[in-house]
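Reading the sequence shown from the start, the letters are residues 1 to 386 in UniProt numbering.
One structure is given here, and the rest of the page talks about it.
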Amino acid sequence: MSGTPASTITRRTALEGLAGLVAVGSDSGVVGGNRETGIQEQSDEDDGSAAGCDYGRVFEDVIDSVVTVRVFDREEAEIVQGSGWVYDRENGGATVLTNWHVVFLGVGADVRFSGGDWRAVDAPLGFDPFSDLAILRVEDVPENVEALSLAEEPPDPGDRVAAFGAPLGLEETITTGTVSGVGRSTTVQFEQFAYTVPSTIQTDAAINPGNSGGPLVDCAGDVVGVNFAGTPPLLAESVNFAVAASMIERIVPEIEEFGAFRYPYLGIQGITLSPTVSRLNGFDERADGVYVERTVDGFPADEHLQGSTAIDRETGVPIGGDAVVGVDDVDVSDLDDLRNVLFHETRPDDTVGLEVLRDGDREEIDVTLAAKPFELERIGVREPTL
Numbered sequence: 001m002s003g004t005p006a007s008t009i010t011r012r013t014a015l016e017g018l019a020g021l022v023a024v025g026s027d028s029g030v031v032g033g034n035r036e037t038g039i040q041e042q043s044d045e046d047d048g049s050a051a052g053c054d055y056g057r058v059f060e061d062v063i064d065s066v067v068t069v070r071v072f073d074r075e076e077a078e079i080v081q082g083s084g085w086v087y088d089r090e091n092g093g094a095t096v097l098t099n100w101h102v103v104f105l106g107v108g109a110d111v112r113f114s115g116g117d118w119r120a121v122d123a124p125l126g127f128d129p130f131s132d133l134a135i136l137r138v139e140d141v142p143e144n145v146e147a148l149s150l151a152e153e154p155p156d157p158g159d160r161v162a163a164f165g166a167p168l169g170l171e172e173t174i175t176t177g178t179v180s181g182v183g184r185s186t187t188v189q190f191e192q193f194a195y196t197v198p199s200t201i202q203t204d205a206a207i208n209p210g211n212s213g214g215p216l217v218d219c220a221g222d223v224v225g226v227n228f229a230g231t232p233p234l235l236a237e238s239v240n241f242a243v244a245a246s247m248i249e250r251i252v253p254e255i256e257e258f259g260a261f262r263y264p265y266l267g268i269q270g271i272t273l274s275p276t277v278s279r280l281n282g283f284d285e286r287a288d289g290v291y292v293e294r295t296v297d298g299f300p301a302d303e304h305l306q307g308s309t310a311i312d313r314e315t316g317v318p319i320g321g322d323a324v325v326g327v328d329d330v331d332v333s334d335l336d337d338l339r340n341v342l343f344h345e346t347r348p349d350d351t352v353g354l355e356v357l358r359d360g361d362r363e364e365i366d367v368t369l370a371a372k373p374f375e376l377e378r379i380g381v382r383e384p385t386l
C-alpha cells in the first residue's frame, strides 16, 4: 500500500521532527478532556441517524466500557496515553484490550473509566506486536461497567461505524463514519520498527493520537475492530485502520492461555504480480499471485521456493524467482490475499500445498510452515516478510 499509517498514541516526548511521518503529539493541557463535550458534533448532513444508526444511543451503550490508558516509565513519569475497552468481566475485575504500541514503552499503567475512577493495571496478561494487541487485567472495576461484545459478522464496505477513545486526551470522544474497506494488510512504522497487521478494517471515522486501543463499533454497539492506525494528513485524509474482530477472536484466547500467539510463517519477501513482472519472468501476463523476491534463510521457503536471481536492467523488475498463486486450492491474487490466507486458514507446523509458477510451468509444492520469529523487523523500503 502507498504511504505508511502512523500509530495513534499520544506521547509526552513529542517527535516534532517526524510530524510529517508519524502522527504524535503532546497531551499536556488536555488530559481528561471535557466530559460535557465528549461527543463530536454531527453535521446537518450526518445527524447520527443516517442509515438507521442512532449514534447517541450507541454512545450511551458503549461509553462506560471505554477506558483511557496511561502508561509510565521507571521514573513514574507519564510517557504514553491511549485508549482501551473492556473485553471480559469476571470476579469483580475486567480484562481490558488496548494496543501493544500503547504499553510497549512503559513499565506500569493505569486506566480511567468514564465515571472518573482510576484503577491500576495489575500486569499485562500478554501482548502480540504483529496484531498490535495487548491484554491488561484490572481489579475492583465499577459495577456499571460491562464487557463489550464482538460483532458476530464482519462489516461490509459502506456500513456505519463509530470510533471511541481519548484523542489528544479528550476522554469520552466518539467519531463516526463508514467502513471504507476490509481485508487490508496494513504496514505500520513504530519507533524504528515496521510490522504488518493482516485483515484490517479501513474507515473514514477519525482516529487521532490518543485513540489507539479504543473500540470501533457498529450501530448495535458491538465491536468490529480495535483502532490502531491513522494516516498523517500530509499523506491522505480519512484513511484510518482498526484490527478486525476476527483477529481478536483468534488471537486473544491463545494469548490468555499461552502468553503469545504463534503465526504461521513461510519465510518470503514478496510483491504482488503485475503484467510487467509476469512478462519478464515468463509467466502469463494475466496471472494473479505473489512474486518471491527472496527467501529467508533457515525457514520453509528457503528450501522449497526460488527467490529472484537478478534485476532487469531496463525496468528494475526482479527476475528469476517463483510466484505463489495458490495455497491448498485457495487462489491467491495479491500480497494481502496471501497474508490473510496464511493467517486464517493455516497454523504453524501445518503442511500446505503451494501452487507455484516456475520457469513458465505450474507446480504443486508441499511446504511445512514454521512459526513466525517473535521479533519485529527494522523499517525498510519493503514490506515485512511473511
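A virtual CB, placed ideally from N, CA and C, is assigned to each residue, including glycine.
Alpha helix (DSSP H) segment containing residue i, residue limits
i	result
serine 185	Element bounds for serine 185: not the alpha helix (DSSP H) but the beta strand (DSSP E), 173-190.
valine 107	First-last for valine 107: undefined, no H or E at that position.
glycine 116	Unbroken run through glycine 116: none, as it is neither H nor E.
glycine 52	It is not in any alpha helix (DSSP H) - glycine 52 carries neither H nor E in the DSSP assignment.
Residue i and residue j closer than 9 Å at C-beta
i	j	result
valine 226	glycine 210	no
valine 324	glycine 289	yes
serine 149	tryptophan 100	no
alanine 206	threonine 175	yes
phenylalanine 72	valine 111	no
valine 80	leucine 105	yes
glutamine 269	threonine 295	yes
leucine 386	leucine 338	yes
serine 246	serine 185	no
alanine 120	alanine 109	yes
phenylalanine 113	aspartate 61	no
leucine 168	glycine 259	no
cysteine 147	valine 224	First, the amino acid is wrong: residue 147 is alanine here, not cysteine. No, Cβ-Cβ distance for alanine 147 and valine 224 is not below 9 Å.
alanine 371	arginine 250	no
proline 373	alanine 194	no
histidine 304	aspartate 222	no
Residue i - containing beta strand (DSSP E), residue span
i	result
arginine 362	361-368
phenylalanine 164	160-165
glutamate 78	78-90
phenylalanine 72	66-72
glycine 93	93-98
serine 149	First-last for serine 149: undefined, no H or E at that position.
tyrosine 195	193-203
Candidates the options: closest to residue i by CA position
i	options	result
valine 102	Gly84, Arg279 and Thr95	Gly84
proline 348	Thr368, Arg294, Gly259 and Asp297	Thr368
threonine 187	Val243, Val80, Phe113 and Ala370	Val243
phenylalanine 127	Asn208, Val161 and Leu136	Leu136
serine 238	Val217, Ala229 and Ala245	Ala229
valine 352	Val141, Gly360 and Val341	Val341
isoleucine 248	Ala287, Asp336, Leu305 and Ala151	Ala151
glutamate 314	Ile174, Ala260, Val277 and Gly106	Val277
glutamine 306	Asp336, Arg279 and Arg358	Arg358
glutamate 172	Ala147, Gly56, Asn281 and Ser185	Gly56
aspartate 204	Pro264, Gly181, Pro373 and Phe193	Gly181
arginine 279	Asp312, Glu90 and Glu191	Asp312
glutamate 375	Arg286, Val327, Gln192 and Ser274	Gln192
arginine 362	Ala166, Asp284 and Asp117	Asp284
tyrosine 265	Phe258, Pro233, Val252 and His344	His344
proline 157	Ala147, Gly183, Glu143 and Leu170	Gly183
arginine 286	Gly360, Asp366, Glu153 and Gly298	Gly360
isoleucine 255	Asp159, Ala166 and Pro129	Pro129
glycine 316	Asn281, Asp328 and Ala77	Asn281
aspartate 350	Val327, Leu335 and Glu257	Val327
asparagine 91	Val330, Glu143 and Ile271	Glu143
Cβ separation of residue i and residue j, assumed to be a contact under 8 Å, to the nearest whole Å
i	j	result
proline 215	valine 179	Incorrect: roughly 14 Å between the Cβ atoms, too far for contact.
valine 138	aspartate 122	7 Å
valine 292	glycine 321	5 Å
threonine 95	aspartate 88	4 Å
glutamine 202	phenylalanine 164	About 18 Å; that fails the 8 Å criterion.
glycine 177	valine 197	Glycine 177 to valine 197, Cβ: 20 Å. No contact.
valine 332	valine 217	Wrong, their Cβ atoms sit about 32 Å apart, outside the cutoff.
proline 300	serine 308	With 8 Å as the limit, proline 300 and serine 308 do not qualify as a contact, their Cβ atoms being about 18 Å apart.
glycine 82	valine 141	Contact doesn't hold; Cβ gap of about 19 Å is too wide.
glutamate 76	arginine 70	Their Cβ separation, rounded to whole angstroms, is 11 Å, which puts glutamate 76 and arginine 70 out of contact at 8 Å.
Minimum Cβ-Cβ distance from residue i to chain B less than 9 Å
i	result
serine 333	No chain B is part of this structure, which consists of one protein chain only.
Within the stretch 207-249, ranges of the beta strand (DSSP E) (whole runs, at least 3 residues): Note on the stretch 207-249: whole beta strand (DSSP E) runs with a minimum of 3 residues are 215-217, 223-230 and 240-244, in chain order.
Unbroken beta strand (DSSP E) runs of length 3 or more, entirely within the UniProt domain "PDZ" (265-369): which are they? Runs found: 268-272, 290-295, 323-327, 351-358 and 361-368.
Within the stretch 122-146, ranges of the alpha helix (DSSP H) (whole runs, at least 4 residues): Segments of the alpha helix (DSSP H) lying fully in the stretch 122-146: there are none.
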